[in-house]
Each structure stands twice: as C-alpha cells, then as structure tokens.
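Q: Each residue of the sequence shown is one higher than the last, beginning at 1 in UniProt numbering.
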Amino acid sequence: MNPILDIVVRSLAVYFFMVIAVRVFGKNQLSQLNAGDVILLLLISNAVQNAMVGPNNSLQGGIVAALVLFVANFVVKKFIFKNPIIKELIEDHPYILVKDGVVYPEILKKVSISEDELEEAVHEHGIEKVSEVKLAILEVDGNISVISTDKNTEQTHYSRHKTKMKRKFRNQ
Numbered sequence: 001m002n003p004i005l006d007i008v009v010r011s012l013a014v015y016f017f018m019v020i021a022v023r024v025f026g027k028n029q030l031s032q033l034n035a036g037d038v039i040l041l042l043l044i045s046n047a048v049q050n051a052m053v054g055p056n057n058s059l060q061g062g063i064v065a066a067l068v069l070f071v072a073n074f075v076v077k078k079f080i081f082k083n084p085i086i087k088e089l090i091e092d093h094p095y096i097l098v099k100d101g102v103v104y105p106e107i108l109k110k111v112s113i114s115e116d117e118l119e120e121a122v123h124e125h126g127i128e129k130v131s132e133v134k135l136a137i138l139e140v141d142g143n144i145s146v147i148s149t150d151k152n153t154e155q156t157h158y159s160r161h162k163t164k165m166k167r168k169f170r171n172q
C-alpha cells in the first residue's frame, strides 16, 4: 500500500474510533476534566499517534495525518449540520436539569451530575438558590446554562471545567 494512503486510512480509523468513544463515554467526560482525565488525554494522543502514522515518523507523515484529521472533522461537522440522523448518532441532546425551581433528579442521575455540582453551577451564575432558577440546561457541549427567575441577575455561561466565558442570556 502507498505510505501516504496508509497514513490516511489509519488516521481516519483513529478519528472515527475517537468520535465513537466520546459519544459512548459521554459529553460530561470532556467538560469536567480532572488531573486523571488530562493524563488520560495525553496518553491517548500518544497511543494513537503510532496507530495513525505507523513506522512513518517523517514530517510529511505527521502533516498528512494532521491534514486528514482536520478534513475528517470538517466533513463530519458538515454532515452533522445537514443530516439530523447523523447528528443524533454523534451528538447527544441538551438536558433540562431544573425548570421553574424544580430539580429533575432522574435527569441528574442519567447525565452523572450531582446535586452539589448543580448547586455550584447555579452559584457560578450568581444565583443563591436552585429554587430561583427558571431554567438550567446541560448543553450538548457539556456546559450548564442557567437562567434566573430574577430579571436583574446577570446571566453567565458556566463551563463545568471552570473556564468562565461570559455570555448574556435573554430571559424568555
């Protein structure tokens, strides 16, 4: 087999394996990284490198593997955008965790979020009590969005891995 074609096929196989693994193990795993998770990511990247390029550790082999990953990701995102069936296979959907101050414990259990984590997310939004939450949603990217019943409260976007990105939400 052509060495470049070999790298392309290997890189695509690893890419699709990783897409499936992320889907199976859930979005929460990416949004709440701890030290063990970071180590796991580093080890996975090291482990799959050889699977992608094989014995070819040249600059050309690395560039081809990276290019294939970028193209595969671009194509998959286009398919996800255009085809709801593929989107459903690859991405999860948002989950409502709290509505009008009522917590849904069965949903928290399903998405592996403790009540303490939920409270932390609510507090990160400047809201004192869960009962003051109009809506809390676990987004498809693993972040928790919270909308307060108090129209004067500033709403922020809470990232479960502690990256604070301010984003205003309108109360609807």
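The beta-carbon is built from N, C-alpha and C at its ideal position, and this holds for glycine as well.
Cα-Cα, which of 99, 90, 51 is closest to residue 25?
A: The residue labelled residue 25 in the question sits at position 25 within the sequence shown. Ranking the options by Cα distance to residue 25, first place goes to 90.
Q: Along the chain, which unbroken stretches of the beta strand (DSSP E) at least 3 residues long are found entirely within the segment 76-151?
A: Counting only runs of 3 or more, we get 95-99, 133-138, 144-148.
Q: Give me the Cα-Cα distance between residue 45 and residue 106, rounded to the nearest whole angstrom.
A: To locate residue 45, count along the sequence shown from 1; it is residue 45. To locate residue 106, count along the sequence shown from 1; it is residue 106. Distance between the alpha carbons of residue 45 and residue 106: 34 Å.
Q: Just the C-alpha distance for residue 29 and residue 23, rounded to the nearest angstrom, thanks.
A: Within the sequence shown, numbered from 1, the residue matching residue 29 stands at position 29. Within the sequence shown, numbered from 1, the residue matching residue 23 stands at position 23. Unreliable positioning characterises residue 29 in this predicted model, as indicated by a pLDDT of 49, which lies under 50. A coordinate reading is not provided.
Q: Along the chain, where does the alpha helix (DSSP H) containing residue 18 start, and where does it finish?
A: Numbered from its first residue, the sequence shown carries residue 18 at position 18. Where residue 18 is concerned, the enclosing alpha helix (DSSP H) stretches over 3-25.
Q: Check the C-beta distance from residue 134 over to residue 147 and give it rounded, since I have them as a contact under 8 Å.
A: Along the sequence shown, read from residue 1 onward, the residue named residue 134 stands at position 134. Along the sequence shown, read from residue 1 onward, the residue named residue 147 stands at position 147. Correct: roughly 5 Å between the Cβ atoms.
Q: Residue 11 and residue 75: beta carbons closer than 7 Å?
A: Residue numbering aside, residue 11 sits at position 11 when the sequence shown is read from its first letter. Residue numbering aside, residue 75 sits at position 75 when the sequence shown is read from its first letter. Not closer than 7 Å, so no.
Q: Among residues of its own chain, excluding the 5 on either side of residue 4, which ones have a beta-carbon nearer than 7 Å to its beta-carbon?
A: Translated into positions along the sequence shown, residue 4 becomes position 4. Once the five neighbours on either side are set aside, the close Cβ partners of residue 4 are 64.
Q: Suppose you measure from the CA of residue 99 to the CA of residue 136; what does that come to, to the nearest Å?
A: Taking the first residue of the sequence shown as position 1, residue 99 is located at position 99. Taking the first residue of the sequence shown as position 1, residue 136 is located at position 136. So the two alpha carbons sit approximately 7 Å from each other.
Q: With distances taken Cα to Cα, identify the nearest neighbour of residue 149 among 52, 17, 122.
A: As a first step, residue 149 is located in the sequence shown; it is residue number 149 there, counting from the start. Cα-wise, what sits closest to residue 149 is 122.
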